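Asks: Please see the structure below; I have some questions.
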Amino acid sequence: MMRHKPLITFLFLFIFCQLAISQIVLVPDRVFDGFEMHAGWIVVVMENQIVYSGPSDKFNGEKSTTIELHDYTLMPGMIEGHAHMYLYPYNQASWNDQVLKESVSYRTAKATWNAQQTLMAGFTTVRDLGTEGAGFADVGLKKAIQDGVIPGPRLIISTKAIVATGSYGPKGFADHVDIPLGAEEADGSTIVQVVRNQIGKGADFIKVYADYRWGPEGEARPTFSIDELKLMVKTAESSGRYVVAHASTVEGMRRAILAGVETIEHGDGGTDEIWKMMKEHNVAFCPTLAAGDAVLQYNGWGKSTQPDPARIVNKKKTFTAALQNNVKIVAGGDVGVFEHGDNARELLMMHDYGMERIEVLKSVTSGNANTFHLENLGRLKKGFIADIIAVEGNPADDLSNLYNVGFIMQNGVIVKNQAGQK
Ligand SMILES: [Zn+2]
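For the sequence shown, my numbering assigns the number 10 to the initial residue and increments by one for each residue that follows.
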């Protein structure tokens, strides 16, 4: 028996190598590579990498496994720019109740489900903007997905997020009652420690609330001074992280931009001067159109029968102004406020509010990858990670096609393939 061992080893290695080098050739009707739409292209994947993306007739390699995707458009896995995996729609449970009455274990169980819904909607990467009272629970959620324990998108996380003392909720309790907050307080000298601790516990980036609804009449007002914001950015940057800011007032946005944050979330009060400043400082804008739209409907607005409320009229105006000033737009809906898996809602609204469809597609793929420093994601190009989806029809003609995802590959692994079952 012993003398056969080398032969068996050789055969095993031969078979193993054949499996290891086998390529998957994806043949759709067209390919959106993260920038442009191409007819007659194919994409070839080996292990977790794209090894070819281009015209079918120029590919010379071996076509070992071919997946035909008739009537489908192949595109990069979408990247959600603003999510809260630890929240779910406020018409099911108020934000206060989610933060105060639900255990972290319950919220993690929900987040696990949310992660699966997100991935199955074709979003293979998600930037999460804070656990809203669930502490560092997103660190474990991210690891469980990374380790393959549960299905879900690749997560880029901010953990607790940072607020100025006294500014954030839940509010309305007697002053002798200590209640847990939806984010972590820091001011002046404690800023350095809080930023470093969040990084140490696993934050990929830092989220700060540069303003919040804490004015005398409950209106949004700036929170941190510009020096405090600068200290946050400096502290985060020396560890290789960046800072993003929730801001909707002119002054909150102005301070955040000058302090060096990389993205502004919401931005409802943006003015021409602010958009110009963002363009000049290369700060991207995440408008979260779908969140405001959802909350207004929870509060009774009949979208199909009633005129736009003032907040929507204003949002359309400011979004258009940001586009006209060529501010880089992050596709991110504040999903969690509305249902996880319904992420495409933001993309359709971006078009409704005036953005070209192809620009929306660029934003949710190569644009977000670029803004979030994800160097090997968001494009179908040789050397990039094989996060690839196929949607029915042509999304450049009709963005609602983004809801019909028939094929999903994440990191080279096929997690859904219904394309052949039409
Ligand atoms: Zn948010």
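Idealized CB from N, CA, C, for every residue including glycine.
Note that the structure is predicted; figures quoted are calculated from it, not measured.
Return the residue from the list V344, V322 and E260 that minimises the CA-CA distance to Y99.
Replies: V344
Asks: Round the Cβ separation of V373 and H360 to the nearest angstrom and send it over; I've been treating them as touching at under 8 Å.
Replies: The Cβ separation is near 11 Å, so there is no contact.
Asks: Are A212 and T168 close, meaning C-beta to C-beta below 8 Å?
Replies: yes
Asks: When you measure from the CB of L190 to every non-hydrogen atom of ligand 1, does any distance come out below 7 Å?
Replies: no
Asks: Please write down, chain order preserved, every residue whose beta carbon lies under 6 Å from a heavy atom of ligand 1.
Replies: H91, H93, L138 and D343
Asks: When the Cα of L96 is compared with those of P85, T117 and E77, which residue comes out closest?
Replies: T117
Asks: Looking at the unbroken alpha helix (DSSP H) that takes in K151, where does it start and where does it end?
Replies: A146 to Q155
Asks: Assign Y115 to one of two classes, buried (16 or more other C-beta atoms within 10 Å of its C-beta) or exposed (fewer than that).
Replies: exposed
Asks: Cutting at 6 Å between CB atoms, please list the residues of its own chain near M87, excluding the five before and the five after it.
Replies: Taken in chain order, the residues that qualify are G131, F132 and V373.
Asks: Report yes if the CB atom of A395 is closer than 8 Å to the CB atom of M418, and no otherwise.
Replies: yes
Asks: Rounding to the nearest angstrom, what Cα-Cα distance links N105 and T174 in this structure?
Replies: N105 and T174 have their C-alpha atoms spaced approximately 18 Å apart.
Asks: Does S248 pass the burial test, meaning 16 or more other C-beta atoms within 10 Å, or should it be called exposed?
Replies: exposed
Asks: Report the CB separation of L298 from E355 in whole angstroms; it is logged as a contact under 8 Å.
Replies: Yes, they are in contact, since the Cβ atoms of L298 and E355 sit about 6 Å apart, within 8 Å.
Asks: Could you give the uninterrupted runs of the alpha helix (DSSP H) lying entirely in the segment 357-417, keeping only those of 4 residues or more?
Replies: Fully enclosed alpha helix (DSSP H) runs of no fewer than 4 residues occupy 366-371 and 377-380 of the segment 357-417, in order along the chain.
Asks: So is T127 buried or exposed if we call it buried at 16+ other beta carbons inside 10 Å?
Replies: buried
Asks: So, F393 versus Y81, is the Cβ gap smaller than 8 Å?
Replies: no
Asks: For the segment 193-276, which segments carrying the alpha helix (DSSP H) assignment without a break, of at least 4 residues, lie completely within its bounds, in sequence order?
Replies: 199-210, 235-246 and 259-268
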